[in-house]
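In the numbering used here, the protein residues as written are 276 to 780. Think of the CB as a built atom: it goes at the ideal place given N, C-alpha and C, for glycine as much as any other residue. Since we're looking at a predicted model, the values are computed, not measured. What follows is a single structure, written as structure tokens, with notes after it.
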Amino acid sequence: MSIFLSFLCLLPIFIVSFFIFSEKLKPSKWKLPPSPSSFPIIGNLHHLTGVPHRCIHRLCVKYGPVMLLRLGSMSVVVISSSEAAEEMLKTNDLECSTRSKMVGTEKLSYGYKDITFGPYGEYWREMRKVAVIELFSLKKVQSFRSVREEEVEVMVKKVTALTQSPVDLRKMFFSFTGSIICRVALGQNFHDCEFIDQEKMEELVAEAADALGNFTFTDLFPSGGFGRSIDWLIGKHKKLNKVFKKLDAFFQHVIDDHLKESSGRETSDSPTDIVAVMLDLIGKQGKEDYFKLDYDNIKAVLMDVFLAGIDTSVITMVWTMTELARNPKVMKKVQEEIRTTLGTDKKTITEQDLNKVDYLQLIIKESFRLHPPVPVVTRKTMSHVKIQGYDIPPETTVQINVWTIGREPKRWTDPEDFIPERFNNSSIDFRGQNFNLLPFGSGRRICPAIPMSIAAIEMALLNMLYFFDWRLPDGMGIGDIDMQEVGTLSVVKKIPLMLVPVRRL
């Protein structure tokens, strides 16, 4: 009886979705991209049973670099070549500068008051201007140099205390990056703050990334409220609200803490951390200002900073060390260059040392190529555009598979191999100008916090490779290193990377 009642509850969505899907199948005046075979109602959802970027990679091998998927009643165009990506992100950048509205992103961005997921328009442009000028400018990043240098010293001491024992590098890098972000964004010391716990923060970041990266039934079947009903039945909204409440409570605590401190601060004192800067901007707003910030703006930006600032940086560090462990000749080469260039008697490494070690820069580029922390970059068309001769209608979600582009056989020799030397004497960079390598996206939507992220990644890796040799745990060989991935929005190493540090200097 219960099965029959469940069927009756779900029947309306099947009927409505069938008619929507049938409407989409009617002959079109446009030349649409090729599409895999699909089922009524669900479309191509049955093709996506695994890690998303690998699923769509397998499909694009068969259907080409511009491919149309139908996910429920939602049309998604997948782009998997550098040429098509350039047409999308450069030639048609303005026409493709907005984002798709999804349940998870709307909730966690406080109604799209952030920078990452906000729709393109005057409000978003003003928010991005605030981010570029006030929060993530090169001058601002350089002002936090001492914070990065202090926190990397703390990490070196922690690893030294664990020498000759297996170390979970994700946890170590999370502590390092989380400490920097807490000081830069929140003005709080990660190690001393009572309301910041690393285990809980790791869990919260993972839950938020999962909520932002997954479709809900409401996203796939928005008509008539039936998708929302299914989400309610399976507890999707309850789970999302739980994550939101935890994030909101954390951010509100930070804001309240700043408001208490600011009441005793001289007005001439310059704000330092991101929350203080944004509170200062709110305090200076006039009644006639057309663009106004509020506390929800601060919380939304903090959500961006925590996910982009902590999660993606940690992912890159872990994958880089994983590839070095799998390629001991590369590990040895970079360590020899670092120690020869910097000498063997340094007590501390500073950011002045970063530009002296060229091979490390090549290694980071190669890591971004094989393991972009966000493997699929999403945009949405605001008007009709043509990509590689195909028509892309307005209001179409477009996903650029950065992971596949980094493996294009016609662009990269031995694309599956970790070969940093491929970037020798190459002008290819990862800051959005070369469409063969797009770990941070490109165009108007490129990540504004690239300098902050790269500074932390380089400092962490340089210190770990200068002060320590690394070996696999006893009984483990290179072939035993598990390379499985997990995740949707960002992709992490499924099995933690455990390496044994040996203090050398």
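Can you find the residues in the same chain that come closer than 7 Å, C-beta to C-beta, to residue i, ignoring five residues on each side of it along the sequence?
| i | result |
| --- | --- |
| K388 | D571, N572 and A575 |
| P776 | V434, L437, T438, V442, F743 and W745 |
| N709 | I703 |
| D579 | D389, I390 and T391 |
| L599 | V605 and M606 |
| T595 | I638, I639, S642 and L736 |
| F448 | V589, M592, V593 and A735 |
| P327 | V651 and T763 |
On the CB-based measure, 16 or more other CB atoms within 10 Å of its CB, does residue i come out buried or exposed?
| i | result |
| --- | --- |
| K306 | exposed |
| D692 | exposed |
| T324 | exposed |
| G716 | buried |
| R445 | buried |
| K511 | buried |
| K404 | exposed |
| D757 | exposed |
| Q417 | exposed |
| K414 | exposed |
| A460 | buried |
| S702 | exposed |
| G488 | buried |
| Q527 | exposed |
| N738 | buried |
| E641 | buried |
| K475 | exposed |
| Q768 | What sits at residue 768 in the sequence shown is Lys, not Gln. Buried: at least 16 other Cβ atoms inside 10 Å. |
| E536 | exposed |
| H646 | buried |
| S543 | At S543, the pLDDT of 49 sits below 50, so the modelled position is not reliable and the matter cannot be decided from this model. |
| T688 | exposed |
| D586 | buried |
Provide the residue(s) that pair with residue i in DSSP beta bridges, ordered along the chain.
| i | result |
| --- | --- |
| F743 | R778 |
| G318 | F314 and L346 |
| I667 | V660 |
| K376 | In DSSP, K376 forms no bridge with anything. |
| R654 | V673 |
| M773 | D443 |
| V341 | I354 |
What are the boundary residues of the beta strand (DSSP E) that residue i is part of?
| i | result |
| --- | --- |
| M349 | M349 to I354 |
What are the start and end residues of the alpha helix (DSSP H) that includes residue i?
| i | result |
| --- | --- |
| I509 | F501 to I509 |
| V766 | Careful: V766 lies outside any alpha helix (DSSP H) and carries neither H nor E. |
| S384 | Per DSSP, S384 belongs to no alpha helix (DSSP H) and is neither H nor E. |
| Q473 | Q473 to G488 |
| T619 | Premise fails: T619 is in no alpha helix (DSSP H) and is neither H nor E. |
| R682 | First-last for R682: undefined, no H or E at that position. |
| Y398 | E397 to V405 |
| P327 | P327 to Y338 |
| R706 | Segment: none, R706 is in no alpha helix (DSSP H) and carries neither H nor E. |
| A360 | S357 to E361 |
| L554 | I549 to G558 |
| M758 | Counting along the chain, M758 falls outside any alpha helix (DSSP H), and DSSP gives it neither H nor E. |
| I639 | D633 to L645 |
Looking only at C-alpha atoms, which of the options sits nearest to residue i?
| i | options | result |
| --- | --- | --- |
| Q355 | I770, I753, E683 and G754 | Correcting the residue identity first, residue 355 is Ser in this sequence and not Gln. Among I770, I753, E683 and G754, the Cα nearest to that of S355 belongs to E683. |
| P669 | D443, N367, E401 and P311 | N367 |
| I316 | Q674, V378, L495 and G393 | L495 |
| F492 | S504, F566 and A481 | S504 |
| A275 | T373, R374, E401 and V341 | As displayed, the chain neither begins before 276 nor continues past 780, which places residue 275 out of reach and without an answer. |
| V609 | V593, A583 and Q636 | Q636 |
| H321 | Y338, S440, K337 and L344 | L344 |
| E428 | A731, V767 and L747 | A731 |
| G339 | E733, V761 and I680 | I680 |
| I455 | M751, P695 and M727 | M727 |
| C457 | S658, G707 and E426 | E426 |
| L713 | K514, L364 and H659 | L364 |
| D506 | F525, I753, K520 and A486 | A486 |
| V352 | V761, N602 and H659 | H659 |
| G664 | L334, E358 and I557 | E358 |
Quick one: residues in its chain with C-beta nearer than 8 Å to the C-beta of residue i, no 5 flanking neighbours on either side, listed in chain order?
| i | result |
| --- | --- |
| L617 | I624, D628, K631, V632 and Y741 |
| P302 | Annotation note: pLDDT 47 at P302 (below 50); position unreliable, coordinate value reported separately. If we look at P302 and ignore the five residues flanking it on each side, it has no Cβ neighbours. |
| I770 | D757 and Q759 |
| Q473 | K446, F449, S450, G453 and F465 |
| S350 | K299, L343, L344, P668, T671 and T672 |
Suppose the cutoff is 6 Å on Cβ atoms and the five residues either side in sequence are ignored; what does the same chain contact list for residue i look like?
| i | result |
| --- | --- |
| M377 | D494 |
| R654 | C371 and V673 |
| G393 | Y387 and W399 |
| E298 | The predicted position of E298 is uncertain, since its pLDDT is 48 and thus under 50; a value taken from the coordinates is nonetheless stated next. Cβ neighbours of E298 beyond the five flanking positions: none. |
| A406 | I390 and P723 |
| I288 | Only weak support exists for where I288 lies, its pLDDT of 49 falling under 50; the value from the coordinates is given anyway. Excluding sequence neighbours, I288 sits near F496 and F501. |
So that I know if they touch, is there some Cβ in chain C lying closer than 7 Å to that of residue i?
| i | result |
| --- | --- |
| S384 | Looking at the structure shown, chain C is missing, and only one protein chain is on hand. |
Going by the C-beta, is residue i closer than 6 Å to any heavy atom of the ligand ZN?
| i | result |
| --- | --- |
| T671 | What this structure holds is no ligand at all, so the ligand ZN is not there to describe. |
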